[in-house]
Amino acid sequence: MQKELEKRAQDVNEKCPIIIDQTIRLDSCEVLPDNTFQYNYTFLFIDATKIDREEFKEEMKDVLLFNLQNNEELKRLTEKDVNFVYCCKDENGKPLGRLTITPEDYKNPINDPKLRERHLGNGNVEKVLKEMVKKTKQQLPLFTEGSGISLIDCKTYQKTLEYTTKLLNEDVARFDSIYFKSTNTPIVVDTLKHNPEMKYLADHGVTISYEYLDKNNKYLCTITILPEEYA
Numbered sequence: 126m127q128k129e130l131e132k133r134a135q136d137v138n139e140k141c142p143i144i145i146d147q148t149i150r151l152d153s154c155e156v157l158p159d160n161t162f163q164y165n166y167t168f169l170f171i172d173a174t175k176i177d178r179e180e181f182k183e184e185m186k187d188v189l190l191f192n193l194q195n196n197e198e199l200k201r202l203t204e205k206d207v208n209f210v211y212c213c214k215d216e217n218g219k220p221l222g223r224l225t226i227t228p229e230d231y232k233n234p235i236n237d238p239k240l241r242e243r244h245l246g247n248g249n250v251e252k253v254l255k256e257m258v259k260k261t262k263q264q265l266p267l268f269t270e271g272s273g274i275s276l277i278d279c280k281t282y283q284k285t286l287e288y289t290t291k292l293l294n295e296d297v298a299r300f301d302s303i304y305f306k307s308t309n310t311p312i313v314v315d316t317l318k319h320n321p322e323m324k325y326l327a328d329h330g331v332t333i334s335y336e337y338l339d340k341n342n343k344y345l346c347t348i349t350i351l352p353e354e355y356a
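All residue numbers for the sequence shown refer to my numbering, where the first residue is 126 and numbers rise by one.
What follows is the structure, encoded as structure tokens:
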């Protein structure tokens with residue numbers, strides 16, 4: 126199994142860095158002793174100095190367990206009882222947490238209700254949205270230097286979750302909104318579809334909206350994703 130893990134690490138590292146979505150980058154992976162495979166991630170819109178790291182690890186573990194139990198590409202590894210380690214840091218290299226998931230963890234029943242009960246307000250979607258906005262606002266503004274993007278606001282209204290993002294390299298005078306929306310909408314939809322917590326919002330009819338401003342805070346465009354589009 127060790128050789129198989131080393132081959133997988135080599136294949137993944139040849140493709141790194143890999144942009145998982147708009148907020149997460151896979152930098153590398155490596156094989157550790159005792160049948161263990163480690164992923165090294167950078168989170169672009171999180172500041173390690175502004176979050177509760179234990180809470181971050183707790184929430185991430187639920188998401189990672191969900192992915193391990195549903196990812197066909199990793200099925201052979203989970204069948205061979207591989208341990209998974211996830212090292213997470215923010216864009217400045219500050220640690221967010223190191224999570225270890227064992228076979229005992231990911232072989233538990235998938236219908237474990239902890240994710241929704243603990244993080245998703247027991248069915249009260251308005252409460253969930255307000256809590257998400259509160260946590261996001263505690264970290265704002267969030268700046269990603271490499272992409273020239275700054276998340277500056279977040280709010281909720283009428284079962285809509287809206288993010289306001291500033292594109293620091295754009296000017297409204299030369300901005301092509303049609304091209305931007307046609308290029309970025311599929312990326313946004315794909316990101317939402319692969320987030321299990323967003324699936325809960327889709328099931329409860331929540332619209333996700335992204336408002337974009339230029340470097341001078343002038344309005345550029347809005348991408349609106351309806352619940353049926355990312356369910």
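By construction, the Cβ of each residue, glycine as well, lies at the ideal position given by its N, Cα and C atoms. All values derive from a computational prediction rather than experimental measurement.
Assigned exposure category for residue i - 16 Cβ within 10 Å defines buried
i      : result
Glu295 : buried
Leu202 : buried
Ile257 : The sequence given here places Met at residue 257; Ile does not occur at that position. Flag for Met257 reads buried.
Asn348 : Position check: residue 348 holds Ile in this sequence, whereas Asn was assumed. When all chains shown are included, Ile348 counts as buried.
Asp206 : exposed
Asp177 : exposed
Residue from the options with nearest C-alpha to residue i
i      : options                        : result
Lys175 : Pro220, Lys255, Thr349, Ala298 : Pro220
Thr316 : Phe300, Asn342, Leu199, Glu354 : Glu354
Tyr166 : Ile149, Gly273, Leu292         : Ile149
Tyr164 : Val331, Asp177, Glu204, Tyr211 : Tyr211
His329 : Cys279, Lys128, Asn249, Ile143 : Asn249
Tyr252 : Thr281, Ile143, Asp339, Asn341 : Note that residue 252 corresponds to Lys in the displayed sequence, not to Tyr. The shortest Cα separation from Lys252 among Thr281, Ile143, Asp339, Asn341 belongs to Thr281.
Per DSSP, the bridge partner or partners of residue i
i      : result
Ser275 : Phe268, Lys291
Glu155 : Gln163
Ser302 : Ser302 pairs with nothing; no bridge assigned.
Ser334 : Glu287, Thr349
Arg223 : Cys212
Ile149 : Phe168
Nearest-angstrom beta carbon gap, residue j and residue i [assumed within contact, 8 Å]
i      : j      : result
Ser275 : Thr261 : Not quite, the Cβ-Cβ distance comes to about 13 Å (not below 8 Å), so this is no contact.
Tyr337 : Leu292 : 6 Å
Leu286 : Leu265 : With a Cβ gap of about 15 Å, Leu286 and Leu265 do not count as contacting.
Leu224 : Leu189 : 7 Å
Asp159 : Asn208 : 7 Å
Start-to-end residues for the alpha helix (DSSP H) that takes in residue i
i      : result
Asp177 : Taken as a continuous stretch (DSSP letters only), Asp177 belongs to no alpha helix (DSSP H), as it is neither H nor E.
Thr261 : 250–262
Neighbour flag for residue i against chain B, beta carbons, 8 Å
i      : result
Asn195 : Protein chain content of the structure displayed is limited to a single chain, and chain B is not contained in it.
Any non-hydrogen atom of the ligand MG closer than 7 Å to residue i Cβ
i      : result
Asn160 : In the structure on display, the ligand MG does not appear, and there are no ligands present to speak of.
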